[in-house]
Structures are given as structure tokens and as C-alpha cells.
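Engineer: Mapping to full-length UniProt numbering: the sequence shown position 51 is 51, numbers consecutive.
What follows is a structure written as C-alpha cells; I'll ask about it next.
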Amino acid sequence: GPVVTRFPPEASGFLHVGHAKAALINYLLKERYEGELVFRFDDTNPDKEDSAYESAIESDLHELGVHWDVGPTYTSDYFSEMYRLAEKMLEEGTAYVDDTPVEELRTAKRAGVATRCRGQTVEENLKMWRQMLEGAEGLVVRAKISVDDANFTLRDPVLVRVKKGADHPRHGTKYVAFPSYDFACPVIDSLEGVTHALRTSEYNDRNAQYDWLISALGLRRPVVADYSRLNLEYTVMSKRKLAALVQRKIVDGWDDPRMPTVRGLRRRGLTIAGLRAFIEEGGMSRTTNLQQWSKIWACNRAIVDPAAARVTAVSADAVRVRFTNFQSHAPAHAVRAAHPGLVLHRTGGGAADDHSDVVAVSWVMPLHPKSPGVGIRRVWRCPEALLDRADVAELKDGDEVTLMGWGNCIVRRIVRKESMEGSAGAADVLEI
């Protein structure tokens, strides 16, 4: 049959660059093998989820060029089936209901010892299971795998827990017992026909748990493949921590340019093509390393550079530059260079070879020196120009400087505004 991959985000925030990698890897694999992509919302934790995030995630996937073939589906659509499977495990003795207080349960798990509930009869477990479905709190269903396995994820993991009064985005208060992610993931992957479950390497320890549940339930087994999690230098990638930044108003929102979200990076100038190039370059490598942002921006530059117009700008507090020999040099030089579209802007009707009344020179240049298709612009040379203050801060009289596109200049005099106190529009002036 065809290759079927899946992308199952939780709707508890916007997609960040790590999610983008997961979505694109699953999409590109299904494209390569002409298969299908299942888009599923993992909505097993109603305390964190919001339908507004669902819309944002769908929009971001479209922006990334990720097109799914099935979905969006929802884990909650399978709750009834998962209840049936949980009850089946209780009947077969591969799961049990535990009412051990949370802290005691954690202590027992760390110590590798069984709780008293592990030895309950099937009848006792089924009775407690019915109580769970009615909303009895303090009860959980645990898989009966091991209490002391070296792999902690195999130490009787929780399969179902009670969240009484939880307001689910799609079902309201209909459900009180919610499957855990560890239970839902393998079950729904199998039920939805997923053939290849691609997971970041942080889930590597959970692969054995995934396989055990598939075997215990007698379900079709997807192939589980790992790839390295995307880690970026100086960057928080935890959705919980990113949400805290938004809630505490440290950033302006999920689309703040400082955020590593798809929307934040788009506002910062990252193109979708650049992001895709970066992710495709890394592929499904299992090598865990800390990526540098410079690598992403290098991929982005390779996309943007051929189509980016070359323009210049200066800061608002720029220094005014006065060219003391403009009339005697600039017009004649421009005429000799025979610039395309050359225009000598005059105040009078002087002779062609008389440049005393020339107040500006302009000609046409391509917006990109190597990509004519980008367009053209008119450049100007005038008796005055503006330079960034930082660029002239260290200059002194007599220094020689090179102005790109203009040539070499000698600094004749720098007039500081503190020496011009009382004069209108006082500002630094650089005469060259």
C-alpha cells in the first residue's frame, strides 16, 4: 500500500520552527513516495487547548505549503474506541486501575516498586473503571508492563486519567476520562492507517512503550522512525515556555519577530522557501546538534538574494555631508562615464560643457547588478548627502574615506552642532 505519514500537533500554541520541521519532513516523505499525509489534532489535554490555535496551525501549514490528504482528524473522535480498548486490557489483565495518590505513585515509580493496586482482580479493576467513567477523581488506568524496567517509560505508564469538569474545545464537558498521549498515539496511528510514524529522537525511549501497546492490543504496527529534534542556539523551543512569554506580555504575541514561531520568523524576514531549504538540507538526520541561526539565514539569503533589490538607507539622525567641489567634478565625471539615462539637472540654460549651474546628476541603474529582471532605479548625485552618524563618529579633519558608488573623498572640515548653538536646525555637517 501507499506510504501514510501523519502530523499530530496539539492545539496549545502556534507552530514554531521545530513543528515546521516535523510537518515538512512528514509531508516531503509522503510526496516522495506518492503517499498520503494525515493531519490530526492531538486534543487529549483540554486544559491547554484552544480552537483559535487550531485555525492558526492550519493557516501556518498552508503557508508552509504542507497539504494534507486526510483530516484534520481529532484524537477525541476516537475516545469511545479507546475506552473499549482500555476495558479490553483490563479484562485481559494487561492493565489495572490505580488509586494511589499522585506523589506516592511517583515515589513508587522512581523506586521501582509496585503499588497495592497492581494485584487487584479483573472485577475490582472493572468496577473502578466504571467509577472513572462517571468522574471519580484520583483514579488512573495503568498498563501492566513492568515496575522496575531500566526504561522508565515502561514502568506501568498511565493510559487514562480523570479530568472532571474539563471543558473540551470540541466536546465541552461530555468526557471526564481522557486518554494519555502515550496511549492515544500508537492506537490512532494504527486506526488511521499510518504506515510510518516519524518522531523526534526525544521520543526514542518511548518507542518500546509504543510497540508494547500495539502488541498488547493486537493492532497493526506502523514503522517508527526517529530524526533529531531541531535545537537552535539561544532559543527556547518549549511551547509551555513560549506561552509563558506571551501570557506575561514579555513579547507582543505569538507572531512577535523575536519568537521562533513560523509567524514570528516570517515577520522577521524569513521566507518559506528559505525555511524549507534549511529543513530539507538537514533531512531526517539522527545526529543531535545545536544549530546556528546563521545557517537558517544563509539558506534564506540564497533564496532572497537573486530577487532582492539593492537599495540604501540611513538612520533618522544622519549626518549631512557637503561636497565642496561638486560642480567641478561630479557632472564632468558622469558625462565621461556615459551612464545610461544620464540627466544633468540645471538651474539655468548654460552651455552643455558648462557645469556651473548643475545642481544634481542622475542616471539609471539596475536594482540588482546580476538580475536585470528585478528592475531599475534612478540614482542621484547632489552637492549634499546623508551618512549614518555611527560611520562618521571617529572621523577627523584630513581623513580620506571611500563612499561606495561615489569614490574617495578627503574630509575638509567637520562642524559639530555644539559649535552651532543658537543657529536654526543645528546639526553636524561634514565637508569633503
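Backbone N, C-alpha and C define an ideal beta-carbon position, used for all residues, glycine too.
Going by DSSP, what residue range makes up the beta strand (DSSP E) through Ser362?
Structural biologist: Unbroken beta strand (DSSP E) run through Ser362: Val358 to Pro366.
Engineer: In whole angstroms, what separates the C-alpha of Ile410 from that of Leu265?
Structural biologist: Whole-angstrom Cα-Cα distance: 43 Å.
Engineer: Report yes if the C-beta distance between Asp69 and Glu36 is below 9 Å; otherwise report no.
Structural biologist: Yes, Cβ-Cβ distance for Asp69 and Glu36 is below 9 Å.
Engineer: In chain order, what residues of the same chain lie with their CB nearer than 6 Å to the CB of Lys164, ignoring the 5 residues before and after it?
Structural biologist: Closer than 6 Å at the Cβ level, and outside the excluded window around Lys164, lie Gly135, Glu137 and Val176.
Engineer: Beta-carbon separation of Val141 and Val113 under 9 Å?
Structural biologist: Their beta carbons are not under 9 Å apart, which means Val141 does not touch Val113 by this criterion.
Engineer: Verify whether the separation of the beta carbon atoms of Val3 and Val38 is less than 9 Å.
Structural biologist: Contact flag unset, no.
Engineer: Tell me, please, which residues DSSP counts as bridged to Phe7.
Structural biologist: Beta-bridge pairing links Phe7 to Phe39.
Engineer: For residue 498 versus Val122, is the C-beta spacing smaller than 9 Å?
Structural biologist: Residue coverage of the chain in this structure runs from 1 to 432, which leaves residue 498 outside it and unanswerable.
Engineer: Whose C-beta lies closer than 6 Å to the C-beta of Phe183 among residues of the same chain, with five residues either side of it excluded?
Structural biologist: If we look at Phe183 and ignore the five residues flanking it on each side, its Cβ neighbours are Leu159.
Engineer: Candidates Gly407, Ala385, Gly405 and Gly18: which alpha carbon is nearest Arg199's?
Structural biologist: Of Gly407, Ala385, Gly405 and Gly18, the residue nearest in Cα terms is Gly18.
Engineer: For His16, which beta-bridge partners are listed by DSSP?
Structural biologist: Beta-bridge pairing links His16 to Thr261.
Engineer: How is Ile248 classed by DSSP in three states: helix, strand or coil?
Structural biologist: The question names Ile, but residue 248 in the sequence shown is Arg. Coil, per DSSP.
Engineer: How is the alpha helix (DSSP H) around Ile145 delimited, first residue to last?
Structural biologist: Per DSSP, Ile145 belongs to no alpha helix (DSSP H) and is neither H nor E.
Engineer: Any idea if His168 is buried or exposed, counting beta-carbon neighbours within 10 angstroms, 16 or more meaning buried?
Structural biologist: The residue in question, His168, is buried, as its Cβ has 16 or more Cβ neighbours within 10 Å.
Engineer: Thinking C-beta only, is Val304 closer than 9 Å to Gly274?
Structural biologist: Yes, Cβ-Cβ distance for Gly274 and Val304 is below 9 Å.
Engineer: Whole angstroms is fine: what's the gap from Ala20's alpha carbon to Glu58's?
Structural biologist: Going by the C-alpha atoms only, they are around 12 Å apart.
Engineer: For the region 287-372, which segments carrying the beta strand (DSSP E) assignment without a break, of at least 3 residues, lie completely within its bounds, in sequence order?
Structural biologist: As far as the region 287-372 is concerned, its whole beta strand (DSSP E) runs of at least 3 residues are 319-322, 343-346 and 358-366.
Engineer: Check Thr107 in the structure and name its three-state DSSP category.
Structural biologist: Reduced to three states, the DSSP call for Thr107 is helix.
Engineer: Report yes or no: do three or more beta-carbon pairs, one from the region 225-244 and one from the region 192-208, lie closer than 8 Å?
Structural biologist: Contact between the region 225-244 and the region 192-208 is present, because at least three Cβ pairs lie under 8 Å.
Engineer: Span of the alpha helix (DSSP H) holding Ala390?
Structural biologist: Where Ala390 is concerned, the enclosing alpha helix (DSSP H) stretches over Arg389 to Val392.
Engineer: Can you tell me whether Arg206 is buried or exposed? The criterion is at least 16 other CB atoms within 10 Å of its CB, across all chains shown.
Structural biologist: That one is buried.
Engineer: What is the DSSP secondary structure of Glu384, reduced to helix, strand or coil?
Structural biologist: In the structure shown, Glu384 sits in a strand (DSSP, three-state: E or B).
Engineer: Where Gly172 and Tyr210 are concerned, what is the direct C-alpha to C-alpha distance, given to the nearest angstrom?
Structural biologist: C-alpha separation (whole angstroms): 29 Å.
Engineer: Grab me the residues of Glu63's own chain with a C-beta within less than 8 Å of its C-beta, minus the 5 sequence neighbours each way, in chain order.
Structural biologist: Excluding residues within five positions, the ones whose Cβ falls inside 8 Å are Val262, Arg266 and Ile272.
Engineer: Would you grab the beta carbon distance between Val97 and Met132 for me? Rounded to a whole angstrom, and I think it's under 8 Å.
Structural biologist: With a Cβ gap of about 7 Å, Val97 and Met132 count as contacting.
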